[in-house]
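Enquirer: Chains as they are written, first to last, in the working numbering: chain A, 1 to 173; chain P, 174 to 586.
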């Protein structure tokens, strides 16, 4: 992990390239996080790749409800040579949940961005095949959001399917 | 009223775009659906394949058939009640799921794990790694037509489950790892039983290799099949035995030792070309290294507590409840509300049998996690399936899927 000073140096370099790319830096329990603007995500990852963080270990979504901006996307980068990790975080509002996709540059993000879209409703602009990954195609809502209730849907078995009329017709019909 | 709705399932999936393949006017393509209920898909994985004759030209994995919302459920449980739930994600490497989650929470709490607990975690994790690889060997052998390997693999794995039953009372999903240590100390006789297993197991591996290594059919099915180069795999985020088969020795146990792995002397097996044969050899060699780690951990097992003595995190010993009011209060607080975790976010990666298993936990300061996410290696590794099997025979697709070793419980969560 870069220490607090190293993280500030990286943030400084990123700010030199793009003045308002980095919103904040966070160093917590030895874990370095760069908080960047959504539009600056691909550029930031690319610059960090140039600094050796060449492996995108994970892309995942977070919901910061009730804080705003609510939705977060976190990119965990790994430098396989010096075994160094850094996280890049971006946050978007639910009304405008657009983040540029990094799939063209990092093929591993494909399924993981689809999962974040499925579970949180973050729209990754430029993703080649942005479909729901886990939930059914016709599912409404994004179940990992904090205000999405647990339960409330009938669990369908062969024996109770006739007693749950209209479940396939969707709302309003 | 009709019992089943009138849904055209192909119509529902019209957004699944199959690749455009350039071909002559006389070529015929067949779209074949495999799974989700197909024994060779190792779970409920659905593969939409485009075939030209017997040759796979395109494959689209479709997942989500065992999605049970485990990550969502975790947000509704106190931290220590999350452990049995995350264990059910990748159901063959349950100790690793629990380890990644406990490690993330311990990092958030800034909590030190006693050395004895770290060693006990290593012993159980490595036993679990062997058990998981044995299932891979058994089912992979079955997919290649090696029926006897299937039975023998299952037999040896059952011996490991007996050991788990001895130490925790459960054969699978043991809930043995706790935040701050392990649930209880190993019982008398456990060490002898593990040593009996580890002394006999290398012979078992020799027998497996006698069965498989010189088998002409297996060799032809595995050698130079589905090789993918290291750079492609790295771009796709692949870790674990699949990456090591290409010669990249990245293993978190060595690269970023956690839980005292730096105390043990073991090697990281790597392959050369990254074909199915290398994947097979790497996993076989890993089992031998795991045996070495277990024996060293038993030799050096430190005395001391098996769980942290921080009473705000770990339950007090049973005998204290009868005499100490404070212990009673701590016990009551822990089993009702659970412990609170300072706000923050942590990503804690460990090396599972399938690669980097990272657990992301976000705490908002309450007694329940605000977000639990598992970076499951099967989920990420599955993306490498298409580059592996493109332009191979469909029979090799089955063998390659077995060597990829995906666990759908971990993919769908």
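C-beta atoms are modelled at their ideal positions from N, C-alpha and C, and glycine is treated no differently.
1) Less than 8 Å between the beta carbons of residue 397 of chain P and residue 472 of chain P, yes or no?
2) If distances are taken between C-alpha atoms only, which option among P/357, P/418 and P/392 comes closest to residue 491 of chain P?
3) Strictly below 8 Å CB to CB, what residues from chain A border residue 399 of chain P?
4) Which residue marks the beginning of the beta strand (DSSP E) containing residue 85 of chain A, and which one marks its end?
5) By the three-class DSSP mapping on this structure, what secondary structure does residue 279 of chain P have?
6) Taking the alpha-carbon positions, what's the residue 505 of chain P to residue 150 of chain A distance?
7) Just the Cα atoms here: how many angstroms apart are residue 453 of chain P and residue 293 of chain P?
8) Anything in chain P within Cβ reach of residue 28 of chain A, meaning under 8 Å, just list it in chain order.
9) Residue 503 of chain P: buried (16+ other C-beta within 10 angstroms of its C-beta) or exposed?
10) In three-state DSSP terms, what is residue 233 of chain P?
11) Are there 16 or more other CB atoms within 10 angstroms of the CB of residue 89 of chain A, so buried, or fewer, so exposed?
12) Quick one: what's got a C-beta closer than 6 Å to residue 144 of chain A's C-beta in the same chain, skipping five residues either side?
13) With respect to the alpha helix (DSSP H) encompassing residue 331 of chain P, which residues constitute its N-terminal and C-terminal limits?
14) Taking all protein chains shown into account, decide if residue 393 of chain P is buried (16 or more other Cβ within 10 angstroms of its Cβ) or exposed.
15) Helix, strand or coil for residue 369 of chain P per DSSP?
16) Rounded to a whole number of angstroms, what is the C-alpha to C-alpha distance between residue 244 of chain P and residue 201 of chain P?
17) Quick one: residues in its chain with C-beta nearer than 7 Å to the C-beta of residue 250 of chain P, no 5 flanking neighbours on either side, listed in chain order?
18) Closer than 6 Å by C-beta to residue 219 of chain P: which residues in its own chain qualify, once you throw out the five before and the five after it? Chain order, please.
19) Please list the partners that residue 409 of chain P has in chain B, where partner means a Cβ-to-Cβ separation under 7 Å.
20) Using a Cβ-Cβ cut-off of less than 9 Å, list which residues of the segment 77 to 97 of chain A approach chain P; keep chain order.
21) Considering only residues of the segment 511 to 535 of chain P, which uninterrupted beta strand (DSSP E) runs meet the minimum length of 3 residues and lie entirely inside it, listed in chain order?
22) Chain A beta carbons: is any one of them nearer than 8 Å to that of residue 332 of chain P?
23) Can you tell me which of the three DSSP states residue 155 of chain A falls into?
24) Just mark residue 286 of chain P as buried or exposed, buried being the case when its beta carbon has 16 or more other beta carbons within 10 Å.
Expert: This is what the structure holds:
1) Taking the second chain and counting its residues from 1, the one referred to as residue 397 of chain P is at position 224. Taking the second chain and counting its residues from 1, the one referred to as residue 472 of chain P is at position 299. The criterion of a C-beta distance shorter than 8 Å is not satisfied by residue 397 of chain P and residue 472 of chain P.
2) Position 318 of the second chain, counting from 1, holds the residue named residue 491 of chain P. When P/357, P/418 and P/392 are compared, the shortest CA-CA separation from residue 491 of chain P is found for P/357.
3) In the second chain, residue 399 of chain P corresponds to position 226, counting from 1. In chain order: nothing, as chain A lies at least about 18 Å away.
4) Taking the first chain and counting its residues from 1, the one referred to as residue 85 of chain A is at position 85. Note, residue 85 of chain A: beta strand (DSSP E), 84 to 92.
5) By one-based count along the second chain, residue 279 of chain P stands at place 106. Of the three classes helix, strand and coil, the one that applies to residue 279 of chain P here is helix, per DSSP.
6) Start at 1 with the first residue of the second chain, and residue 505 of chain P comes out as number 332. Start at 1 with the first residue of the first chain, and residue 150 of chain A comes out as number 150. Our two residues, residue 505 of chain P and residue 150 of chain A, have alpha carbons roughly 27 Å apart in a direct line.
7) On the second chain, position 280 is the one that residue 453 of chain P refers to. On the second chain, position 120 is the one that residue 293 of chain P refers to. In this model, residue 453 of chain P and residue 293 of chain P are separated by some 28 Å (Cα to Cα).
8) Locating residue 28 of chain A in the first chain gives position 28, where the first residue counts as 1. Ordered by position in chain P, the residues that pass the 8 Å Cβ test against residue 28 of chain A are 517, 518 and 519.
9) Your numbering for residue 503 of chain P matches position 330 in the second chain. That one is buried.
10) As a position in the second chain, residue 233 of chain P is number 60, starting the count at 1. It is a strand residue.
11) Your numbering for residue 89 of chain A matches position 89 in the first chain. That one is buried.
12) Locating residue 144 of chain A in the first chain gives position 144, counting from the first residue. Leaving aside the five residues that flank residue 144 of chain A on each side, the residues in its chain whose CB is nearer than 6 Å to its CB run, in chain order, 119 and 120.
13) As a working mapping, residue 331 of chain P is identified with position 158 in the second chain. Boundaries of the alpha helix (DSSP H) harbouring residue 331 of chain P: 320 to 341, taken from the DSSP string.
14) Within the second chain, numbered from 1, the residue matching residue 393 of chain P stands at position 220. With fewer than 16 other Cβ atoms within 10 Å, it is exposed.
15) Here residue 369 of chain P corresponds to residue number 196 of the second chain, with the count starting at 1. Three-state DSSP puts residue 369 of chain P in a helix.
16) One-based indexing of the second chain puts residue 244 of chain P at position 71. One-based indexing of the second chain puts residue 201 of chain P at position 28. Pairing residue 244 of chain P with residue 201 of chain P, the inter-Cα distance amounts to about 43 Å.
17) What you label residue 250 of chain P is simply residue 77 of the second chain in a count that begins at 1. Same-chain partners within the cutoff: 258 and 541.
18) Position 46 of the second chain, counting from 1, holds the residue named residue 219 of chain P. Correct list, in chain order: 208, 209 and 235.
19) The structure shown has no chain B; the protein chains it does contain are A and P.
20) Here the close residues are 78, 80, 83, 85, 87 and 89.
21) If you keep only unbroken beta strand (DSSP E) runs of at least 3 residues inside the segment 511 to 535 of chain P, you get 517 to 525.
22) Reading the second chain from its first residue, position 159 is the one you call residue 332 of chain P. Chain A contact via Cβ: absent.
23) Looking up residue 155 of chain A in the first chain gives position 155. Three-state DSSP puts residue 155 of chain A in coil, outside helix and strand.
24) The residue you call residue 286 of chain P lines up with position 113 of the second chain. Taking all protein chains shown into account, residue 286 of chain P has 16 or more neighbouring C-beta atoms within 10 Å of its C-beta and is therefore buried.
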